[in-house]
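Remarks on the structure that follows.
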Amino acid sequence: MTEVFMGNSKQYTDEFRAEAVKQVIERGFTVVDVASRIGIPKHTLYGWVQAAKKTVRAPGTIAVLSDSAEIRRLKAELRRVTEERDILKKAAAYFAKG
Numbered sequence: 001m002t003e004v005f006m007g008n009s010k011q012y013t014d015e016f017r018a019e020a021v022k023q024v025i026e027r028g029f030t031v032v033d034v035a036s037r038i039g040i041p042k043h044t045l046y047g048w049v050q051a052a053k054k055t056v057r058a059p060g061t062i063a064v065l066s067d068s069a070e071i072r073r074l075k076a077e078l079r080r081v082t083e084e085r086d087i088l089k090k091a092a093a094y095f096a097k098g
């Protein structure tokens, strides 16, 4: 983790902040997951994400990033639910034999 210590508070590099925000916005991870994985307070990362969403470099950029993150999240959820359904089908077939 790249960080610069300044007195009692930590000052993180721009690259560190950008990568953390990218994991949330583009890759679809939750703020809590990313914050715990990289060792920062969740409210800190939440603030960075909110600031990044307000900073629009090109019209529609944030909306597209948010949409793609939502699509990735939904695909992951669909995979999980499909696996759960398949397991339940197998369990129901097993118990129906019994």
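Be aware that the sequence shown starts at 1, since it is given in full-length UniProt numbering, and climbs by one per residue.
Every residue gets a Cβ at the ideal spot worked out from N, C-alpha and C, and that includes glycine.
For the stretch 67 to 86 against the stretch 14 to 34, are there 3 or more C-beta pairs whose distance is under 8 Å?
These segments touch.
When the Cα atoms are used, what is the spatial distance from alanine 91 to glycine 98?
Using only the alpha carbons, I get a separation of about 11 Å.
Which term fits glutamine 23, buried or exposed, when burial requires 16 or more other beta carbons within 10 angstroms of its beta carbon?
Answer is buried; the Cβ neighbour count reaches 16.
If you run the structure through DSSP and keep just helix, strand and coil, what is residue 115?
The question about residue 115 has no answer, for the chain in this structure spans 1 to 98.
Do you know offhand how far lysine 42's Cα is from alanine 69's?
Taking the Cα positions, lysine 42 is about 19 Å away from alanine 69.
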